[in-house]
Amino acid sequence: MIGQGAKRRRMVVKVGSSSITDGRGRLSIEKMQRLVNQLILLRQSRDCQVILVSSGAIAAGLGRLGWDRATITLPEKQAAAAVGQTLLMETYGQLFGDRGIVTGQVLLTRLDIEDRKRFVHIRNTVLTLLHGEIVPVVNENDTVAVDEIRFGDNDTLAALTALVSEADCLVLLTDIDGLYTGDPKADANVTRLAEIWEITGEIEALAGGAGSAVGTGGMRTKISAAKTAVQSGIDVVIASSEEPDVLLRIADGQPTGTLFHARPAPLAHRKSWLVHGPHASGVLQMDDGAVKALVAGTGSLLLPGIVRVEGDFHEGSPVALADVTGRVIGKGITNFSARDLDMLMDRRKRGERLENLTEVVHRNNLVVMEGAHMHGGA
Numbered sequence: 047m048i049g050q051g052a053k054r055r056r057m058v059v060k061v062g063s064s065s066i067t068d069g070r071g072r073l074s075i076e077k078m079q080r081l082v083n084q085l086i087l088l089r090q091s092r093d094c095q096v097i098l099v100s101s102g103a104i105a106a107g108l109g110r111l112g113w114d115r116a117t118i119t120l121p122e123k124q125a126a127a128a129v130g131q132t133l134l135m136e137t138y139g140q141l142f143g144d145r146g147i148v149t150g151q152v153l154l155t156r157l158d159i160e161d162r163k164r165f166v167h168i169r170n171t172v173l174t175l176l177h178g179e180i181v182p183v184v185n186e187n188d189t190v191a192v193d194e195i196r197f198g199d200n201d202t203l204a205a206l207t208a209l210v211s212e213a214d215c216l217v218l219l220t221d222i223d224g225l226y227t228g229d230p231k232a233d234a235n236v237t238r239l240a241e242i243w244e245i246t247g248e249i250e251a252l253a254g255g256a257g258s259a260v261g262t263g264g265m266r267t268k269i270s271a272a273k274t275a276v277q278s279g280i281d282v283v284i285a286s287s288e289e290p291d292v293l294l295r296i297a298d299g300q301p302t303g304t305l306f307h308a309r310p311a312p313l314a315h316r317k318s319w320l321v322h323g324p325h326a327s328g329v330l331q332m333d334d335g336a337v338k339a340l341v342a343g344t345g346s347l348l349l350p351g352i353v354r355v356e357g358d359f360h361e362g363s364p365v366a367l368a369d370v371t372g373r374v375i376g377k378g379i380t381n382f383s384a385r386d387l388d389m390l391m392d393r394r395k396r397g398e399r400l401e402n403l404t405e406v407v408h409r410n411n412l413v414v415m416e417g418a419h420m421h422g423g424a
């Protein structure tokens, strides 16, 4: 856990569309210059590695093409992203390049995070860029992404980027300087929450809908992203992009915006990926004995503890682990396909001994979730 007062060594900074565009939705060189100046100072005077997750490609494309976001089709939106992504990277490349710093573009879809091999390749690429003193600029690959493979918002993308890059801090820059007890635009009496140690249902209820006209994320997605990051041992700060030297203040550990403290006993990297990366391909429903064994953290999921198999999946697939009521209590990587499990369960019912074929999900490949608490060790 890092917390308030600690200095940051690797920071993922997510900037929303409204923070780098003008009132017409076009890229604002002035705003982007202020952001880039801070990122450069983080590297040069704070010895902090930085990764930028930048929205704005679609907004920039729409501005260049003169299209209206409210009336365009999905192919037109993806075409606007193709135009805008070029503009975005050209601008970042020039602003950083003027100071002798090279940028590297990383475009991702949800499938890149779900696949463990791709996940590792992305991590290696990002870490190699950082080692070479190159600034990674990450965005969703909007030109090819459809609903099934979209992150949905760049807050989620930023949280998963922080997980991939093994960052110690995630900063979500927006047009509001943190999480409030109500809507600060509508009620002058609300107060800003400076620190949050646990993301409860009450905290989540404080989040409203989407904020600006050019962005797709709102406070709700930022809190969801914070949940992902803090479970993995990453501090999260929601702050205003308009605050002077906001990133430098955060890097120095000064109280800024709303700080979500990382969990003191975070999940190991592989298990963080298992929880937040892949979608479950099926469900293994377990009896009470198996559930108790997993929650206690004492064993693997064995064949005798499975009462039902749902879905059609292959060996090595991520599956949800549920109790007899259907409540999901965890996630794991199965050693058997759904077809093979059904067959083995039938053979077991007939009295056949299957001592060498009983370990369905190994302890090292599962995480158990109890409300806000998770188990699974390192």
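In this note's numbering, the protein residues as written are 47 to 424.
Positions of the beta carbon are idealized from the N, C-alpha and C atoms, including for glycine.
Among Gly130, Gly102, Ile180 and Leu367, which residue has its Cα nearest to the Cα of leucine 320? The residue with the shortest Cα to Cα distance from leucine 320 is Leu367.
Inter-residue spacing [alpha-carbon to alpha-carbon] between glycine 303 and aspartate 334: 44 angstroms
Hey, quick one: how far does the alpha helix (DSSP H) through isoleucine 269 stretch, first residue to last? 265-277
Do three or more CB pairs link the stretch 170-183 to the stretch 132-150 at distances below 8 angstroms? yes
Taking its Cβ as the centre, do 16 or more other Cβ atoms sit within 10 Å of methionine 78, making it buried, or is it exposed? buried
Through-space distance from arginine 162 to glycine 224, alpha-carbon basis: 33 angstroms
According to DSSP, is glycine 62 helix, strand or coil? coil
Which same chain residues, not among the five before or five after tyrosine 138, have their C-beta less than 6 angstroms away from its C-beta? Thr149 and Val183
Can you check whether the CB of leucine 87 is closer than 8 angstroms to the CB of methionine 57? In this structure, methionine 57 lies away from leucine 87, with their beta-carbon atoms at least 8 angstroms apart.
Hey, how far is the Cα of glycine 92 from the Cα of glycine 279? With the sequence shown as reference, residue 92 is identified as arginine, and glycine is not the correct amino acid for it. Roughly 21 angstroms separates the two Cα atoms.
Measuring alpha carbon to alpha carbon, tell me which of Arg70, Cys94, Leu400 and Leu73 ends up nearest leucine 176. Cys94
On a CA-only basis, which of Thr404, Ala336, Thr380 and Ile379 is nearest methionine 391? Give me that one, please. Comparing Cα positions, the closest option is Thr404.
Sequence ranges, beta strand (DSSP E) only - wholly within the stretch 145-177, length at least 3: 149-154
What residues in its chain sit with their C-beta under 6 angstroms from that of arginine 80, if we drop five residues either side in the sequence? Excluding positions up to five away in sequence, the list is empty.
Could you tell me how far apart the beta carbons of lysine 123 and aspartate 201 are, in whole angstroms, since I believe they sit closer than 8 angstroms? In fact, because the Cβ distance is near 19 angstroms, the residues do not count as touching under 8 angstroms.
Just reading off the beta strand (DSSP E) that threonine 220 is part of, what are its end residues? 215-220
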